[in-house]
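Peer 1: Got a structure for you, written out below as structure tokens; questions coming shortly.
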Amino acid sequence: MDDKTIVTDLACKETAAADASLLLDWYDRHHRTLPWRTSPADAALGVLPEPYQVWLSEIMLQQTTVGAVKDYFTAFLARWPTVTDLASADEDDILKAWAGLGYYSRARNLHKCARTVVDEYGGRFPETVPELKSLPGIGDYTAAAIAAIAFDEPVAVVDGNIERIIARLYRIDEALPAAKKPIKQRMGDLTPQERPGDFAQAMMDLGASLCSPKKPACALCPFTGACAAEAVGDMERYPVKAPKKEKPTRRGAAFLIRRGDGALWLIKRPDKGLLASMAAVPTTDWFDKKAGEGFDPATALEKAPDGLAFKKKTGQVTHTFTHFHLLLEIYEAASDEARPTPEGWWSTPQSIKGEALPTIFRKVVEFVP
DNA sequence: AAAGCGGGGGT
DNA sequence: ACCCCAGCTTT
30 MDDKTIVTDL
40 ACKETAAADA
50 SLLLDWYDRH
60 HRTLPWRTSP
70 ADAALGVLPE
80 PYQVWLSEIM
90 LQQTTVGAVK
100 DYFTAFLARW
110 PTVTDLASAD
120 EDDILKAWAG
130 LGYYSRARNL
140 HKCARTVVDE
150 YGGRFPETVP
160 ELKSLPGIGD
170 YTAAAIAAIA
180 FDEPVAVVDG
190 NIERIIARLY
200 RIDEALPAAK
210 KPIKQRMGDL
220 TPQERPGDFA
230 QAMMDLGASL
240 CSPKKPACAL
250 CPFTGACAAE
260 AVGDMERYPV
270 KAPKKEKPTR
280 RGAAFLIRRG
290 DGALWLIKRP
300 DKGLLASMAA
310 VPTTDWFDKK
320 AGEGFDPATA
330 LEKAPDGLAF
340 KKKTGQVTHT
350 FTHFHLLLEI
360 YEAASDEARP
370 TPEGWWSTPQ
380 SIKGEALPTI
390 FRKVVEFVP
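So that you can map any letter, position 193 of the first sequence is 222 in the working numbering, and since no number is skipped, the others follow by simple counting.
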């Protein structure tokens, strides 16, 4: 190496450009073991994880924290060890196993995707981003994540954590979602040819630990000194986002129909829209008070299932969805009819635990005044 | 580009 | 109360 090269290297060090090896070294020292990762020993040998497990974990992790996913992932893998097993499963069994995890279209798309992989790809996941993206439930992020982690493809993986890190490293002032394009470009430039999957996971680990939305731990960060936002002490400004809309409150009534043996009458929700295809108890429509059609508890009984003597219970059940708050009044009636309306089924105290009840209706059936 | 789509944990 | 999370699909 001649003198001129040395001078160039020194100059680079002073400007301290972010570099993938800084992060990979950090990752090798802080590697977290997770149910869907290969062991650190295997990873060091370059052993890639099973594509089925990478896919399953990535679908579960969409907008969902690692802590919430772990037990669901373990249970799914034990019950359906391969994509072929999942493809031949009953969709209602998948919805029951998914209940409580949220974003239920993921569970329906999971089943569709498994069937496509079996029917169209002979039970093996495709390895390219365009083919992966064509599968149900797989978008830009998940396609890149599977390609990088399961197939060692050096593609730019960008999730919410990585958007934050990149926006800070390069002080990107454009607001999301417009900033997605330059962020993906920067991530592509930073992604190494070697160990692209580890690099992506290292970035996400960094975002989940040190480069947090509030009070990032810059002193411990492998990119310290190479981060434009840190240099000006304005980390929490990035990524710039559009202001959020406020959530309206909707109100309605829920109807518990209870049999002598304690069984409850459940219904299946429509196959489109909120909580599609999930189990529930009968309810009124949910009215947005701001829309001028305020819910009147006195008229709730007009919408109640026919022929039953409902009594209003004290207290309400509340729940917050992505785009509104919900407040439900609870009514209860005894019935020993064989089949009350609307169409549904009796679920006994023993069977109700296994029903595909989303959390809001889990709260309703467990309601105690 | 914006809206619809869950639930829980951290602050 | 607000923020965010290993986002995707539809409008």
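Heads up, the beta-carbon is just placed ideally off N, CA and C, and yes, glycines get one too.
Can you tell me which of the three DSSP states tyrosine 101 falls into?
Peer 2: As a working mapping, residue 101 is identified with position 72 in the first sequence. Tyrosine 101: helix per DSSP, three-state reduction.
Peer 1: Does the beta-carbon of valine 76 have 16 or more other beta-carbons within 10 angstroms, so that it is buried, or is it exposed?
Peer 2: The residue labelled residue 76 in the question sits at position 47 within the first sequence. Per the 10 Å Cβ criterion, exposed.
Peer 1: Using 8 Å as the cut-off, can you tell me whether the region 276–288 makes contact with the region 351–361, which would need three or more C-beta pairs spanning the two stretches below that distance?
Peer 2: yes
Peer 1: Note down, one range per segment and in chain order, each alpha helix (DSSP H) of at least 4 residues found wholly within the region 337–398.
Peer 2: Whole alpha helix (DSSP H) segments, 4+ residues: 388–394.
Peer 1: Measuring alpha carbon to alpha carbon, tell me which residue in Ala248, Pro225, Ala204, Gly383 is nearest alanine 271.
Peer 2: Locating residue 271 in the first sequence gives position 242, where the first residue counts as 1. Selected option, being the one with the closest Cα: Ala204.
Peer 1: Going by C-alpha distance, which of Ala126, Met89, Gln222 is nearest threonine 171?
Peer 2: Locating residue 171 in the first sequence gives position 142, counting from the first residue. Between threonine 171 and the set Ala126, Met89, Gln222, the nearest pair of CA atoms involves Met89.
Peer 1: Per DSSP, glycine 281 is paired with what?
Peer 2: Counted from its first residue, the first sequence places residue 281 at position 252. Per the DSSP secondary-structure output, glycine 281 pairs in a beta bridge with Leu357.
Peer 1: Among all the DSSP beta bridges, which residues are the ones paired with phenylalanine 9?
Peer 2: This structure cannot settle anything about residue 9, because the visible part of the chain is limited to 30 through 398.
Peer 1: I'd like to know whether the C-beta atoms of alanine 346 and phenylalanine 390 end up nearer to each other than 7 Å.
Peer 2: Mapped onto the first sequence, residue 346 falls at position 317. Mapped onto the first sequence, residue 390 falls at position 361. Note on residue identity: the sequence assigns valine, not alanine, to residue 346. No, they are not a contact pair.
Peer 1: Distance, Cα to Cα, alanine 258 vs isoleucine 194?
Peer 2: Working through the first sequence from its first residue, we reach residue 258 at position 229. Working through the first sequence from its first residue, we reach residue 194 at position 165. Taking the straight line joining both Cα atoms gives about 10 Å.
Peer 1: Count the other C-beta atoms from every protein chain shown that fall within 10 angstroms of the C-beta of threonine 328, then say buried if there are 16 or more, exposed otherwise.
Peer 2: Along the first sequence, read from residue 1 onward, the residue named residue 328 stands at position 299. With fewer than 16 other Cβ atoms inside 10 Å of its own Cβ, threonine 328 counts as exposed.
Peer 1: Could you pull the start and end residues of the beta strand (DSSP E) that lysine 297 belongs to?
Peer 2: As a position in the first sequence, residue 297 is number 268, starting the count at 1. Element bounds for lysine 297: 293–297.
Peer 1: Aspartate 400 to threonine 377, Cα distance in whole Å?
Peer 2: Because the chain in this structure spans residues 30 to 398, residue 400 falls outside the shown range and cannot be described.
Peer 1: Please state whether the Cβ-Cβ distance between glycine 302 and lysine 125 is less than 7 Å.
Peer 2: For the purposes of this step, residue 302 is taken as residue 273 along the first sequence, with counting starting at 1. For the purposes of this step, residue 125 is taken as residue 96 along the first sequence, with counting starting at 1. Going by C-beta atoms, glycine 302 is not nearer than 7 Å to lysine 125.
Peer 1: Looking at the strands, I want to know which residues DSSP matches up with leucine 205.
Peer 2: Translated into the one-based positions of the first sequence, residue 205 becomes position 176. Beta-bridge pairing links leucine 205 to Lys270.
Peer 1: If I measure Cβ to Cβ from tyrosine 199 and keep anything under 7 Å in the same chain, skipping five residues before and after, which residues do I get?
Peer 2: Here residue 199 corresponds to residue number 170 of the first sequence, with the count starting at 1. Arg215, Ala257.
Peer 1: Mapping the DSSP letters down to three states, classify alanine 73 as helix, strand or coil.
Peer 2: Taking the first sequence and counting its residues from 1, one reaches residue 73 at position 44. DSSP places alanine 73 in helix when its eight states are reduced to three.
Peer 1: Return the chain-ordered list of same chain residues with a C-beta closer than 6 Å to the C-beta of lysine 141, the five sequence neighbours on each side being excluded.
Peer 2: Locating residue 141 in the first sequence gives position 112, where the first residue counts as 1. Contacts found: Pro165.
Peer 1: By DSSP's criteria, arginine 287 is part of a beta bridge. Which residues make up the other side?
Peer 2: Indexing the first sequence from 1 puts residue 287 at position 258. Answer by DSSP bridge pairing, in chain order: Leu293, Ala363.
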